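The next block holds one structure in the form of structure tokens; read it before the comments.
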Amino acid sequence: MLAAHEAELVIFNHSLSPSQQRNLEKELKCRVLDRTGLILDIFAQRARTHEGKLQVELAQLEYMSTRLIRGWTHLERQKGGIGLRGPGETQLETDRRLLRARIKSIHKRLDKVRSQREQNRRARARAEIHSVSLVGYTNAGKSTLFNALTSAEVYAADQLFATLDPTLRRLEIEDVGPVVLADTVGFIRHLPHKLVEAFQATLQEASEATLLVHVIDAADPDRELNVAQVDEVLKEIGADSVPVLKVMNKIDKLDSAPRIEYDGHGVPSVVWLSAQQGQGLELLHEALSERLANDVIGFSLTLAPEQGRLRAGLHELNAVREESFDEQGRSVLDVRLPRRDFNQLMAQLGERANTYLPEALRESDEW
Numbered sequence: 009m010l011a012a013h014e015a016e017l018v019i020f021n022h023s024l025s026p027s028q029q030r031n032l033e034k035e036l037k038c039r040v041l042d043r044t045g046l047i048l049d050i051f052a053q054r055a056r057t058h059e060g061k062l063q064v065e066l067a068q069l070e071y072m073s074t075r076l077i078r079g080w081t082h083l084e085r086q087k088g089g090i091g092l093r094g095p096g097e098t099q100l101e102t103d104r105r106l107l108r109a110r111i112k113s114i115h116k117r118l119d120k121v122r123s124q125r126e127q128n129r130r131a132r133a134r135a136e137i138h139s140v141s142l143v144g145y146t147n148a149g150k151s152t153l154f155n156a157l158t159s160a161e162v163y164a165a166d167q168l169f170a171t172l173d174p175t176l177r178r179l180e181i182e183d184v185g186p187v188v189l190a191d192t193v194g195f196i197r198h199l200p201h202k203l204v205e206a207f208q209a210t211l212q213e214a215s216e217a218t219l220l221v222h223v224i225d226a227a228d229p230d231r232e233l234n235v236a237q238v239d240e241v242l243k244e245i246g247a248d249s250v251p252v253l254k255v256m257n258k259i260d261k262l263d264s265a266p267r268i269e270y271d272g273h274g275v276p277s278v279v280w281l282s283a284q285q286g287q288g289l290e291l292l293h294e295a296l297s298e299r300l301a302n303d304v305i306g307f308s309l310t311l312a313p314e315q316g317r318l319r320a321g322l323h324e325l326n327a328v329r330e331e332s333f334d335e336q337g338r339s340v341l342d343v344r345l346p347r348r349d350f351n352q353l354m355a356q357l358g359e360r361a362n363t364y365l366p367e368a369l370r371e372s373d374e375w
């Protein structure tokens, strides 16, 4: 078959160990690429910003570090006897040392990127600016929707991984005000764990968002599998607790009308639209307004001295707008924060959120 097609490359749609890849290349007498290697090649072509290129390089180096021996098999026979090292082994060790040094250097630079993003997120939290992240399977239309909502000119194309770098833009939402909208990297089935690790700085935008907009290609026959894969990656990066609004995109291919679907509590849960044709964008604005306006809760809280962990947690979240002390030495807090953040804090402390919320803000379906 290889000879008939004059093939110079064989691609396997799953991961191969270094030894498997090496043995296959010897047997087939051509280059062999596994799924991870192919994805990395595509990523390398798509990366445009300095951060994106660093993340791709990190993933490539991590992948390459386990396969270095492939380039030095011709020197293996030259190594000496007991206590001696041959030139092949010496060169291999040198290359591995250089790789480790470069990987360490990239990690440091990406740590600075994460630190800067964290500072920006804290500043937005203090200013009570919501952050909304677009997530979804690759080629679902996230960048097209991002451009349609913000009039930005983010690169959008009908191809895998057109977006590798997070792009942030301001978006005005009625009854909410300005929000930060983030376009993130697309997901794919069996996404290699090393890629998730390398793109942690990018994916952090999703894990720290107020709301996730999960963009789904409504015309894709595999859309349910794609949704499950996105949910799996969101869980891996710690974003599975972030509220989600689903967007069924590309309805122009289904001859379907724009609409909003509501859950059992009357909250918008799914918006059907076409970003390419501009159909249903006003419905998405409406759904975002309703979801975000109801997300932030404000209330007064009186805490005894022994409840210091809760008080400290609220301060850590920049949720305390004003604090005073009553005659009994109790803290009287004016609190305002996203409901999700409060629920997470309560879960960490092993407390029930409804215990501290006024009746009007309590959730009937809380655990």
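Going by the numbering used here, the first residue of the sequence shown is number 9, and it counts up by one from there.
Heads up, the beta-carbon is just placed ideally off N, CA and C, and yes, glycines get one too.
Everything numeric in this text was worked out from a predicted model, so none of it was measured.
Cβ neighbour criterion (16 or more within 10 Å) applied to Arg299: Around the CB of Arg299, 16 or more other CB atoms lie within 10 Å, so the residue is classed as buried.
Own chain residues within Cβ distance below 7 Å of Asn21, not counting five before or after: Only Arg43 meet the Cβ criterion.
Cα-Cα separation, Ala131 to Gln287: Looking at the backbone, the Cα of Ala131 and that of Gln287 are separated by about 34 Å.
Unbroken stretches of the alpha helix (DSSP H), 4 residues or longer, contained in the stretch 30-81: With a minimum length of 4 residues, the unbroken runs of alpha helix (DSSP H) contained wholly in the stretch 30-81 fall at 43-54, 58-73.
Same chain only: Cβ atoms within 8 Å of Gly91, ignoring 5 sequence neighbours per side: With a pLDDT of 46 at Gly91, under the threshold of 50, the modelled position of this residue cannot be trusted; read the value that follows with caution. Cβ within range, chain order: n/a, list empty.
Beta bridge counterpart(s) of Ala190 as assigned by DSSP: Assignment of beta-bridge partners to Ala190 by DSSP yields Ser141, Leu176.
Distance between Ser282 and Ala368 (C-alpha atoms, nearest Å): Taking the straight line joining both Cα atoms gives about 37 Å.
Minimum C-alpha distance to Glu65 - residue among Leu233, Ile114, Ser215: Just measuring C-alpha positions, the residue of Leu233, Ile114, Ser215 sitting nearest Glu65 is Ile114.
Beta-carbon proximity list for Ser141, same chain, < 6 Å, skipping 5 on both sides: Within the same chain, Ser141 has close Cβ partners Ala190, Thr192, Glu213, Ala214, Ala217, Leu220.
Proximal residues to Pro186 (C-beta, below 8 Å), its chain only, five neighbours per side dropped: Cβ within range, chain order: Ile137, Arg178, Leu179, Glu180.
Boundaries (first-last residue) of the beta strand (DSSP E) holding Asp239: Counting along the chain, Asp239 falls outside any beta strand (DSSP E), though it belongs to the alpha helix (DSSP H) covering 231-244.
Same chain only: Cβ atoms within 6 Å of Gln285, ignoring 5 sequence neighbours per side: The answer, listed in chain order, is Asp260.
Met354 - DSSP class collapsed to helix/strand/coil: Met354 falls in the helix class under three-state DSSP.
Assigned secondary structure, Phe20 (DSSP; H/G/I helix, E/B strand, else coil): Phe20 sits in coil when the DSSP states are folded into three classes, being neither helix nor strand.
Three-state secondary structure (DSSP) of Glu182: Under the three-state reduction of DSSP output, Glu182 falls in the coil class, being neither helix nor strand.
C-alpha distance - His222 paired with Ala247, whole-angstrom precision: One C-alpha to the other measures close to 12 Å.
Inter-residue spacing [alpha-carbon to alpha-carbon] between Arg255 and Pro346: First, the residue type needs correcting, since residue 255 is Val and not Arg in the sequence shown. The alpha-carbon atoms of Val255 and Pro346 are separated by roughly 22 Å.
Bounding residues of the beta strand (DSSP E) (the contiguous stretch that carries Gly306): Per DSSP, Gly306 belongs to the beta strand (DSSP E) from 304-311.
Phe333 - partner residues in DSSP beta bridges: DSSP lists Ser339 as partners of Phe333.
Helix, strand or coil at Ser215 according to DSSP, with G and I counted as helix: It is helical.
Buried or exposed (CB count within 10 angstroms, at least 16 for buried), Asn147: Looking at its Cβ environment, which holds 16 or more other Cβ atoms inside 10 Å, Asn147 is buried.
Neighbour-count burial assignment, Val356, 16 or more Cβ in a 10 Å radius: In the sequence on display, residue 356 carries Gln and not Val. By the neighbour-count rule (16 or more Cβ atoms within 10 Å), Gln356 is not buried but exposed.
Beta-carbon contacts of Asn378 that lie in its chain and below 6 Å, excluding the five residues immediately before and after: This structure gives no information on residue 378, because the portion of the chain shown stretches from 9 to 375.
Three-state secondary structure assigned by DSSP to Val275: In the three-state scheme derived from DSSP, where H, G and I count as helix and E and B as strand, Val275 is classed as coil.
Outcome for Met9 when other beta-carbon atoms lying within 10 angstroms are tallied against a minimum of 16: The residue is exposed, with fewer than 16 neighbouring Cβ atoms inside 10 Å.
Which of helix, strand or coil DSSP assigns to Leu365: In the three-state DSSP reduction, Leu365 falls in the coil class, being neither helix nor strand.
Straight-line Cα distance separating Asn257 from Ser264: If you draw a straight line from the Cα of Ser264 to the Cα of Asn257, it comes to about 10 Å.
Sheet register partners of His222 (DSSP bridge): For His222, which the question treats as bridged, DSSP gives the partners Val143, Lys254.
Simplified DSSP assignment, three categories, for Ile268: Strand, per DSSP.
Simplified DSSP state of Leu318, which is helix, strand or coil: Helix, per DSSP.
Expected contact under 8 Å - CB spacing of Gly306 and Val343 to nearest Å: Between Val343 and Gly306 the Cβ distance is about 7 Å, and since that is below 8 Å, they are a contact.
Glu269 and Val275 closer than 8 Å at C-beta: Contact flag unset, no.
Three-state class that DSSP yields for Gln124 in the structure shown: Assigned with DSSP and collapsed to three states, Gln124 falls in helix.
Limits of the unbroken alpha helix (DSSP H) element including Ala11: Residues 10-13.
Beta bridge counterpart(s) of Leu345 as assigned by DSSP: In the DSSP output, where bridge partners are listed per residue, Leu345 has Ile305.
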